[in-house]
Structure formats: C-alpha cells, structure tokens
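Structure first, commentary second.
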Amino acid sequence: MNNEITISELARLMNVSVHQLRYFEEKDVLTPAYTDHNQYRMYGMDQVYQLAHILLLRKLGVPVQSIKECMTSYSADQHKQLLHQSLQEINTELLRLQGLQRFITKVLQEQQEFILSSDEYRIKWRDTAYLSHWLEIDAQTKLTARSLAERASQLPNLFESDIYYIENEANILTLYTETQTQGPGVLTLPEGNYLSAQRLIHEDDELEQVVEQFFVYAAAQSYVIAGPVIIIEKSYLSLFPPNGLHYELQALLEPHPEGSQPT
DNA sequence: CTTCTCACA
DNA sequence: TGTGAGCA
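Here my numbering is used: position 184 in the first sequence is 190, and no number is missing along the way.
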C-alpha cells in the first residue's frame, strides 16, 4: 500500500510551501522517506512528525542551521540553552512591540487632542515631569542636520517623542527630551496648571508670532506666567495631513487670586 | 503534477 | 530564509 504522500500533499497538510520543503531538504533538516521512480519525493509519518518539530523550532526563531545540529547531535543541556535563548529574544521583541504600541496610542491620542483644541487656549494640569538635557543652540541660528549630527550624541527614536524647547535669558535655546528619572542634566518641570496652546506651523518665523500672541492672550486674561514658555514640538503628528510642524506652547501659571477665575 | 536552477529580496 | 519564474 502507498501510505506515503507527495510533496504538495505534505505542504498542504502542514501549511507550508512546496518550496520550503525542498529548501529544508537542501539544508538537511527534512529528508523524504524515499524518492519514487519518477523522482518524486515521498513522505511518511516520520517526516510529518519531524516537519512539525522543525516548524515549531522555526516559530521560536531558531535558525534552520541550528535545527539541523539540534536534531543530529545535541545534548539535553544544549536543547535547554537553545530554548532559553529563543525565549529571551522573544522577550526583547515583546518589549519592542510594546514600545510601538505605546507610540501609536500616543499619536492617536495627541492627534485627537490637536483636533479638539486647535487654535484654542486651554489650561491643563501637568504632573511633575523630568526633561533631560539634549543640546543647546543659539536662538537665532536654525537647527540644521549638521548641528544634529555634530552635537547630538545619541537620541534613540529621534522625532518619535516630544522635543521640548526652552529659551533662557541669554537667548540660548535648550532642547530637552522627556525622561522618567531625575538625575544629572535633568530639569524638573513642576506640577501645576499650565496655559496651553497648540498650533500648526508652516513657516519658520511663524513661531515667534505665535509666542507673542501667547503672551498677549495671557496678559489679556490676567494670567501670571511663572516661568519660561515651553515649546513642545510634536513632529510625529506630521504623519497626518495637513503637513507642517505641530507645536504646543505651555507656561506654568501662578495660582489665580480668589474670585478672578475666567468664565 | 513534479523536478531543477536562477535570480531576487 | 525563503519566494517567483521558467524549463523539462
């Protein structure tokens, strides 16, 4: 009786391509039970089990090369080490995906917030935040690709996170990124109510005017600003049309005197 | 339907 | 680490 099956039947059975099966054979991990007189590869139960084993190890990220050595001569200890290694690779991959998940969630949330509060001033509460010093530039000089390449040591995921600009009295613009921990070179942003405005900027000089308007608005509302204006660039929002750079201006407000809350 | 080889990501 | 095209 012919209990063996052809390559296409095995491929269909195990949900792999015929190509892949011949590739496994070339790499010496799956040999047919025998080859028929017409040169057709024929596979039996042994091969079905073996292929299931191979596919399982592949799912764990084990290279085909290792699978070969694994099935020929590997100690129990080496098997265990292989599994531990693949486990830790999967864990780092999981961390990578969780990072992407957080990023996407943040983009969606921020763009929603932008749509809702575009061209409006709001007061919003901010918890204490920590900004880690990234680089300083003269307020007049523009940020260029060269200055990034020269000055910026390393910033993972450039432009995937918020970039904070704070200008001091000496006209020096300092760029910060958010960080979780306190430490050297880390600026603490106190918690409190911040006046906030979000704007879409198309021209470079447009930002200065927006900052001026920000102060004018604050004065008109009798807000007392208790610190520098913080400009937050959210470049990742430019993923969405209309294009331009998304900025949010924030400034810490002194607590309002009783009875003078704006309506 | 299978085989093999080659080029291509 | 595979895939797709073309051939016999």
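No residue lacks a Cβ here, since even glycine has one placed at the ideal position from N, Cα and C. Since this is a predicted model, take the numbers as computed values, not measurements.
Exercise for review: Pick helix, strand or coil for Gly-265, following the three-state DSSP scheme.
Suggested key: One-based indexing of the first sequence puts residue 265 at position 259. No answer about Gly-265 holds up, because its pLDDT of 48 lies below 50 and its placement is not dependable.
Point to revise | Reference Arg-1; option with closest CA among Pro-248, Arg-157, Glu-95, Gln-186 | key: The displayed coordinates of the chain run from 7 to 269. Any statement about residue 1 would go beyond what the structure contains.
Practice item. Specify, as a first and last residue, the run of the beta strand (DSSP E) that Gly-198 falls within. Key: For this step, residue 198 is matched to residue 192 along the first sequence. Looking at the DSSP string, the run of the beta strand (DSSP E) that includes Gly-198 is 198-207.
Practice item. Taking all protein chains shown into account, decide if Asp-42 is buried (16 or more other Cβ within 10 angstroms of its Cβ) or exposed. Key: Indexing the first sequence from 1 puts residue 42 at position 36. It counts as exposed.
Exercise for review: Just confirm the distance between the C-beta atoms of Ile-172 and Ile-236, as a whole number of angstroms; I'd bet it's less than 8 Å.
Suggested key: Walking along the first sequence from the start, residue 172 turns up at place 166. Walking along the first sequence from the start, residue 236 turns up at place 230. Sure, about 6 Å apart at Cβ, within 8 Å.
Point to revise | Nearest to Glu-209 (by Cα), restricted to the options Lys-148, Asn-177, Ile-129, Ala-232 | key: Within the first sequence, residue 209 is the residue found at index 203, counting from 1. Comparing Cα-Cα distances from Glu-209 to each of Lys-148, Asn-177, Ile-129, Ala-232, the minimum goes to Lys-148.
Exercise for review: Grab me the residues of Arg-157's own chain with a C-beta within less than 6 Å of its C-beta, minus the 5 sequence neighbours each way, in chain order.
Suggested key: Position 151 of the first sequence holds residue 157. Taken in chain order, the residues that qualify are Leu-141.
Exercise for review: State the DSSP-derived secondary structure class of Glu-184, mapped to helix, strand or coil.
Suggested key: Residue 184 sits at position 178 when you count from the first residue of the first sequence. Three-state DSSP puts Glu-184 in a strand.
Review point. Taking the beta strand (DSSP E) that Asp-52 falls in, what are its first and last residues?
Key: In the first sequence, counting from the first residue as 1, residue 52 sits at position 46. Not the beta strand (DSSP E): Asp-52 falls in the alpha helix (DSSP H), residues 51-65.
Review point. Do you know offhand how far Thr-183's Cα is from Arg-132's?
Key: Sequence index remark: in the first sequence, residue 183 carries index 177 (1-based). Sequence index remark: in the first sequence, residue 132 carries index 126 (1-based). Cα to Cα, the separation comes out at about 16 Å.
Check your understanding: Any chance the CB of Asn-97 is under 7 Å from a heavy atom of the ligand GDP?
Key -> Of ligands this structure carries none, so the ligand GDP is not represented either.
Point to revise | Where His-43 sits in the DSSP three-state scheme | key: Indexing the first sequence from 1 puts residue 43 at position 37. Coil, per DSSP.
Point to revise | Assigned secondary structure, Ser-81 (DSSP; H/G/I helix, E/B strand, else coil) | key: To locate residue 81, count along the first sequence from 1; it is residue 75. Looking at Ser-81 - three-state DSSP - the assignment turns out to be coil, as it is neither helix nor strand.
Practice item. Between the Cα of Ala-58 and those of Leu-114, Asn-177, Ala-17, Leu-251, spot the shortest distance and give me the residue it belongs to. Key: Numbered from 1 along the first sequence, position 52 holds the residue referred to as residue 58. Residue Ala-17 is the option with its Cα nearest to Ala-58.
Review point. Which value, in whole angstroms, describes the spacing of the CA atoms of Leu-63 and Gly-233?
Key: Within the first sequence, residue 63 is the residue found at index 57, counting from 1. Within the first sequence, residue 233 is the residue found at index 227, counting from 1. Computed Cα separation, rounded: 58 Å.
Check your understanding: Quick one: any contact between the region 86-98 and the region 175-190, if contact means 3 or more CB pairs under 8 Å?
Key -> no
Point to revise | Cβ pair Ala-145, Leu-179 closer than 8 Å | key: Against the first sequence, residue 145 aligns to sequence position 139. Against the first sequence, residue 179 aligns to sequence position 173. Cβ distance < 8 Å, so Ala-145 and Leu-179 count as in contact.
Check your understanding: Looking at the unbroken alpha helix (DSSP H) that takes in Ser-244, where does it start and where does it end?
Key -> For the purposes of this step, residue 244 is taken as residue 238 along the first sequence, with counting starting at 1. Here Ser-244 belongs to no alpha helix (DSSP H), and DSSP marks it neither H nor E.
Practice item. For Asp-271, count neighbouring Cβ atoms within 10 angstroms of its own Cβ and tell me buried if that reaches 16, exposed if not. Key: Limits of the chain in this structure are 7 at one end and 269 at the other, which puts residue 271 out of reach.
Review point. Tyr-127: which of Thr-150, Ala-203, Gln-107 sits nearest, CA to CA?
Key: The count along the first sequence starts at 1 and reaches residue 127 at position 121. When each option's Cα is compared against that of Tyr-127, the closest is Ala-203.
Practice item. With a cut-off of 8 Å on the beta carbons, I'd call Gln-107 and Leu-243 a contact; round off their distance for me. Key: Here residue 107 refers to the residue found at position 101 when the first sequence is read from its first residue. Here residue 243 refers to the residue found at position 237 when the first sequence is read from its first residue. Actually they are not in contact, since the Cβ atoms of Gln-107 and Leu-243 sit about 18 Å apart, beyond 8 Å.
**Study point:** Where Glu-254 sits in the DSSP three-state scheme
**Key:** Here residue 254 refers to the residue found at position 248 when the first sequence is read from its first residue. Looking at Glu-254 - three-state DSSP - the assignment turns out to be strand.
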